[in-house]
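Residue numbers (the UniProt record's numbering), protein chains in the order written: chain A, 1 to 361; chain B, 1 to 361.
Every residue, glycine too, gets a C-beta built ideally from N, C-alpha and C.
Quick caveat: nothing in here was measured; it's all calculated off a predicted structure.
Only one structure is covered here, and it is reproduced in the block below.
2 protein chains.
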Amino acid sequence: MSRVWNFSAGPAALPEAVLQRAQAEMLDWNGSGASVMELSHRGKRFVELAADAERRLRGLLAVPAGYKVLFLQGGATQHFAQIPMNLAPEGGSADYIVTGHWSEKAVREASPYIDARVAASSASANFLDLPPRDTWILNPDAAYVHYTSNETIQGVEFHDIPDVGRVPLVADMSSNILSGPLDVSRFGLIYAGAQKNIGPSGLVVMIVRDELLARPGRPMAKIFRYAEHAANDSMLNTPNTWGWYLAGLTFEWLEQQGGLAAMGERNARKAKTLYDAIDGSGGFYSSPVAVHARSRMNVPFTLHDASLDAAFLAESEAEGLLALKGHKAVGGMRASLYNAVPQAAVDALVQFMRDFATRHG
Amino acid sequence: MSRVWNFSAGPAALPEAVLQRAQAEMLDWNGSGASVMELSHRGKRFVELAADAERRLRGLLAVPAGYKVLFLQGGATQHFAQIPMNLAPEGGSADYIVTGHWSEKAVREASPYIDARVAASSASANFLDLPPRDTWILNPDAAYVHYTSNETIQGVEFHDIPDVGRVPLVADMSSNILSGPLDVSRFGLIYAGAQKNIGPSGLVVMIVRDELLARPGRPMAKIFRYAEHAANDSMLNTPNTWGWYLAGLTFEWLEQQGGLAAMGERNARKAKTLYDAIDGSGGFYSSPVAVHARSRMNVPFTLHDASLDAAFLAESEAEGLLALKGHKAVGGMRASLYNAVPQAAVDALVQFMRDFATRHG
Numbered sequence: 001m002s003r004v005w006n007f008s009a010g011p012a013a014l015p016e017a018v019l020q021r022a023q024a025e026m027l028d029w030n031g032s033g034a035s036v037m038e039l040s041h042r043g044k045r046f047v048e049l050a051a052d053a054e055r056r057l058r059g060l061l062a063v064p065a066g067y068k069v070l071f072l073q074g075g076a077t078q079h080f081a082q083i084p085m086n087l088a089p090e091g092g093s094a095d096y097i098v099t100g101h102w103s104e105k106a107v108r109e110a111s112p113y114i115d116a117r118v119a120a121s122s123a124s125a126n127f128l129d130l131p132p133r134d135t136w137i138l139n140p141d142a143a144y145v146h147y148t149s150n151e152t153i154q155g156v157e158f159h160d161i162p163d164v165g166r167v168p169l170v171a172d173m174s175s176n177i178l179s180g181p182l183d184v185s186r187f188g189l190i191y192a193g194a195q196k197n198i199g200p201s202g203l204v205v206m207i208v209r210d211e212l213l214a215r216p217g218r219p220m221a222k223i224f225r226y227a228e229h230a231a232n233d234s235m236l237n238t239p240n241t242w243g244w245y246l247a248g249l250t251f252e253w254l255e256q257q258g259g260l261a262a263m264g265e266r267n268a269r270k271a272k273t274l275y276d277a278i279d280g281s282g283g284f285y286s287s288p289v290a291v292h293a294r295s296r297m298n299v300p301f302t303l304h305d306a307s308l309d310a311a312f313l314a315e316s317e318a319e320g321l322l323a324l325k326g327h328k329a330v331g332g333m334r335a336s337l338y339n340a341v342p343q344a345a346v347d348a349l350v351q352f353m354r355d356f357a358t359r360h361g
Numbered sequence: 001m002s003r004v005w006n007f008s009a010g011p012a013a014l015p016e017a018v019l020q021r022a023q024a025e026m027l028d029w030n031g032s033g034a035s036v037m038e039l040s041h042r043g044k045r046f047v048e049l050a051a052d053a054e055r056r057l058r059g060l061l062a063v064p065a066g067y068k069v070l071f072l073q074g075g076a077t078q079h080f081a082q083i084p085m086n087l088a089p090e091g092g093s094a095d096y097i098v099t100g101h102w103s104e105k106a107v108r109e110a111s112p113y114i115d116a117r118v119a120a121s122s123a124s125a126n127f128l129d130l131p132p133r134d135t136w137i138l139n140p141d142a143a144y145v146h147y148t149s150n151e152t153i154q155g156v157e158f159h160d161i162p163d164v165g166r167v168p169l170v171a172d173m174s175s176n177i178l179s180g181p182l183d184v185s186r187f188g189l190i191y192a193g194a195q196k197n198i199g200p201s202g203l204v205v206m207i208v209r210d211e212l213l214a215r216p217g218r219p220m221a222k223i224f225r226y227a228e229h230a231a232n233d234s235m236l237n238t239p240n241t242w243g244w245y246l247a248g249l250t251f252e253w254l255e256q257q258g259g260l261a262a263m264g265e266r267n268a269r270k271a272k273t274l275y276d277a278i279d280g281s282g283g284f285y286s287s288p289v290a291v292h293a294r295s296r297m298n299v300p301f302t303l304h305d306a307s308l309d310a311a312f313l314a315e316s317e318a319e320g321l322l323a324l325k326g327h328k329a330v331g332g333m334r335a336s337l338y339n340a341v342p343q344a345a346v347d348a349l350v351q352f353m354r355d356f357a358t359r360h361g
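In structure tokens form, the structure reads like this:
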């Protein structure tokens with residue numbers, strides 16, 4: 001069939017231009033006579049590709065001096081465990097801001113290694129809002145403060161970087177990295193699974209301040225130590241070379257789109273289009289999330305009558321609108337509007353939603 | 001340029017038919033209207049792909065009942081650390097057979113977690129031979145015995161499965177898995193980085209006996225526990241979906257080639273072609289490895305005059321023979337002859353070697 005409009009929460013839509021280039025280069029990348037997947041990560045050609053991708057990412061985010069950029073494996077979930085192993089001593093403690101499914105999981109995976117203190121939580125609001133900053137009880141001696149800048153499942157997003165004083169701020173940005181400009185200097189460590197705004201799954205991008213890499217952490221295998229990965233330019237062992245390659249193509253595509261300021265504007269417009277359609281539907285659709293905390297990337301919404309859900313999903317899929325089913329933890333619908341989802345896709349979705357409401361109203 | 005003959009040690013040559021299919025399906029996989037990389041790993045289509053790949057691998061290796069097959073991340077190196085975490089209690093001990101670079105690294109990464117005992121080593125033979133079985137000093141109470149079935153750098157390979165009695169045998173088969181028939185029932189755990197005989201880098205395939213998954217290991221994050229991955233069909237978190245897809249295509253290709261018996265015969269013939277050319281070169285080329293331990297997958301060899309090395313590499317590359325430089329730890333040349341390297345590639349290499357010897361003899 002022809003290409004669909006893909007609202008998957010992750011793995012998610014990739015820029016079509018990136019896929020076309022990867023397709024064209026599949027059997028002969030860069031004049032090598034081989035696929036990029038068939039080349040040694042230590043060969044000159046791949047080392048250049050790797051450095052180029054990092055350079056583009058540093059440019060897009062204006063990463064200041066004093067930060068390393070790492071290309072790792074394991075998904076964000078593995079780093080829920082690995083971050084405390086690296087940044088806190090045995091018996092140490094860190095503060096966690098809990099705003100939904102993923103930050104809860106970050107606490108759970110950290111707990112075998114440190115005292116993962118819940119310094120703030122919006123559990124009592126059913127994760128449909130963010131915990132007000134004046135309710136946060138931060139420990140000034142915490143090894144770091146961890147938060148999830150966007151909750152993919154609940155659809156809540158921080159629109160400002162929280163001020164946590166002098167304790168290093170660690171952010172899981174898996175689902176909103178590169179969605180707009182970012183002041184990296186405010187962070188000690190940023191990490192993101194690639195499969196939303198960067199590339200395919202199986203790759204994690206991390207941006208980490210040098211002084212955090214110097215922390216001794218705890219005794220562990222070298223392969224778990226970020227400082228070792230940094231010292232080896234993320235080639236301590238064989239990296240996910242295909243993921244790194246596609247990430248580089250995506251960074252190049254973002255440059256061509258005008259960079260992160262342009263993406264931020266587009267993403268704001270896409271989100272406004274969809275939230276306006278929901279809010280203007282006369283109650284046919286509704287968004288459960290507090291308006292000021294609504295995510296630009298993941299938009300959960302419900303139909304006024306849940307018995308229409310199955311028809312909504314079947315009819316939308318028949319019209320080439322893919323993956324609108326909400327996560328089972330919250331039900332209803334969810335449209336993910338990552339960078340690679342164009343305004344045209346949101347327009348098509350909104351048109352479908354109006355038509356559906358008319359037919360079933 | 002046209003496709004080269006690729007002798008890379010890893011990431012390595014992939015079957016051209018697999019690359020062509022991945023290319024054709026890049027923008028629209030299986031009628032989904034999206035790339036396989038753009039689909040949720042929890043969606044029906046990908047779950048079917050995942051199960052199909054596992055079924056094909058089980059068929060190829062005739063995996064007996066009572067084993068789980070896992071698709072993981074992190075490279076073999078991460079599992080050097082994770083295997084002791086899972087299979088041994090705190091303060092536990094395991095036996096390691098050290099036969100080269102990779103088994104040494106396995107010991108080093110295991111050591112923060114267990115007493116990683118060197119039960120046998122060929123270090124005194126400079127890793128150019130295997131330690132004779134009657135020199136192994138095994139501990140009957142070891143949590144497991146670990147060995148490296150093929151050493152990619154030194155080019156030594158076990159041609160039989162060692163008998164280690166009742167202690168579970170654990171094998172790093174990264175560089176020779178699927179190169180011929182295998183009696184899986186002899187093993188407690190087999191693992192392999194994908195980037196030699198399975199697919200692209202960033203994927204690890206593990207075959208593990210159920211009773212080993214039941215071991216409590218030590219306290220750790222869920223994401224490191226193999227039993228959790230097994231209970232979640234390797235979707236505890238988002239897997240490397242592209243790697244899983246290409247692995248499935250490679251397994252299908254292996255079936256079309258006649259399965260592992262046919263591959264074993266081809267690999268034996270390829271290796272014989274190259275070793276015969278080396279041994280029959282009148283000393284112009286030589287293999288440093290003891291004949292009975294020579295690897296069928298990785299063939300290191302030296303020129304009688306190392307000052308010819310640069311010319312050999314430049315001229316071979318000009319003739320479309322890629323990645324023949326030996327690993328820096330051993331020098332000289334190395335040709336890797338994984339499944340995706342056809343007899344024609346080896347024939348071309350041998351012809352070049354003869355011509356080169358004539359020109360420079």
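Minimum Cβ-Cβ distance from residue i to chain A less than 8 Å
i, result
"B:V4", "yes"
"B:S295", "no"
"B:L249", "no"
"B:P112", "yes"
"B:W242", "yes"
"B:G322", "Residue identity check: residue 322 of chain B is Leu in the sequence provided, not Gly. Answer yes: the Cβ-Cβ gap between B:L322 and chain A drops below 8 Å somewhere."
"B:E109", "yes"
Proximity test, Cβ basis, 8 Å: residue i and chain B
i, result
"A:H41", "yes"
"A:G361", "no"
"A:A357", "no"
"A:G326", "no"
"A:Q257", "no"
"A:P342", "no"
"A:E315", "no"
Simplified DSSP assignment, three categories, for residue i
i, result
"A:I114", "coil"
"B:K328", "coil"
"A:T241", "helix"
"B:V316", "The displayed chain sequence assigns Ser, not Val, to residue 316 of chain B. Reduced to three states, the DSSP call for B:S316 is helix."
"A:L49", "helix"
"B:R213", "Position check: residue 213 of chain B holds Leu in this sequence, whereas Arg was assumed. Residue state, collapsed to three classes: helix."
"A:A44", "Before going further, note that residue 44 of chain A is Lys rather than Ala in the sequence given. In this structure, A:K44 counts as helix in the three-state DSSP scheme."
"A:T77", "helix"
"B:P168", "coil"
"A:E90", "coil"
"B:E54", "helix"
"residue 366 of chain B", "Nothing about residue 366 of chain B can be read from this structure; chain B reaches only from 1 to 361."
"B:T148", "strand"
"B:M206", "strand"
Where the alpha helix (DSSP H) containing residue i begins and where it ends
i, result
"A:D347", "343 to 360"
"A:M263", "259 to 279"
"residue 363 of chain B", "Residue numbering for chain B in the displayed model covers 1 to 361; residue 363 of chain B lies beyond these limits and cannot be assessed."
"B:H229", "226 to 231"
First through last residue of the beta strand (DSSP E) which encompasses residue i
i, result
"B:L189", "189 to 193"
"residue 362 of chain A", "Here chain A has residues from 1 to 361 only, and residue 362 of chain A is not among them."
Checklist entry - Closer than 7 Å, Cβ to any Cβ of chain A: which residues of the stretch 211 to 240 of chain B, in chain order? => result Taking 7 Å as the Cβ-Cβ cut-off against chain A, the residues of the stretch 211 to 240 of chain B that qualify are P219, M220, A221, K222, I223, F224, N237, T238, P239, N240.
Checklist entry - Does the stretch 181 to 194 of chain A come close enough to the stretch 327 to 340 of chain A to have 3 or more Cβ pairs within less than 8 Å? => result No, because fewer than three Cβ pairs between the stretch 181 to 194 of chain A and the stretch 327 to 340 of chain A fall closer than 8 Å, the two stretches do not touch.
Item to check | Residues in the stretch 7 to 38 of chain A having any Cβ partner in chain B nearer than 8 Å | outcome: For the stretch 7 to 38 of chain A, the set of positions with a beta-carbon nearer than 8 Å to some beta-carbon of chain B reads S8, A9, G10, P11, A12, A13, L14, E16, L19, Q20, A22, Q23, M26, L27, D28, G31, S32, G33, A34, S35, M37, E38 in chain order.
Next on the checklist: To be precise: take each residue of the stretch 66 to 93 of chain B, compare its Cβ to all Cβ atoms of chain A, and keep it if any distance is under 8 Å. Which residues remain?
Outcome noted: Q73, G74, G75, A76, T77, Q78, F80, A81: these are the residues of the stretch 66 to 93 of chain B whose beta carbon lies less than 8 Å from some beta carbon of chain A, given in chain order.
Item to check | Residues, ordered as in the chain, of the stretch 193 to 205 of chain B that lie near chain A by beta-carbon distance below 9 Å | outcome: Per Cβ criterion, the list reads G193, Q195, G199, P200, S201, G202, L203.
Checklist entry - Name the residues in the stretch 144 to 173 of chain A whose C-beta lies less than 7 Å from a C-beta of chain B; which are they? => result Close to chain B, meaning a Cβ-Cβ distance shorter than 7 Å, is no residue of the stretch 144 to 173 of chain A at all.
Item to check | Stretch pair the stretch 57 to 74 of chain B + the stretch 183 to 202 of chain B: three plus CB contacts closer than 8 Å | outcome: Yes, they touch.
Checklist entry - Taking one C-beta from the stretch 209 to 226 of chain B and one from the stretch 26 to 40 of chain B each time, how about it: are there three or more such pairs within less than 8 Å? => result Short answer: they don't touch.
Next on the checklist: Check whether the stretch 247 to 262 of chain B and the stretch 166 to 175 of chain B are in contact - that is, three or more C-beta pairs closer than 8 Å.
Outcome noted: No: the two stretches stay apart, fewer than three of their Cβ pairs being nearer than 8 Å.
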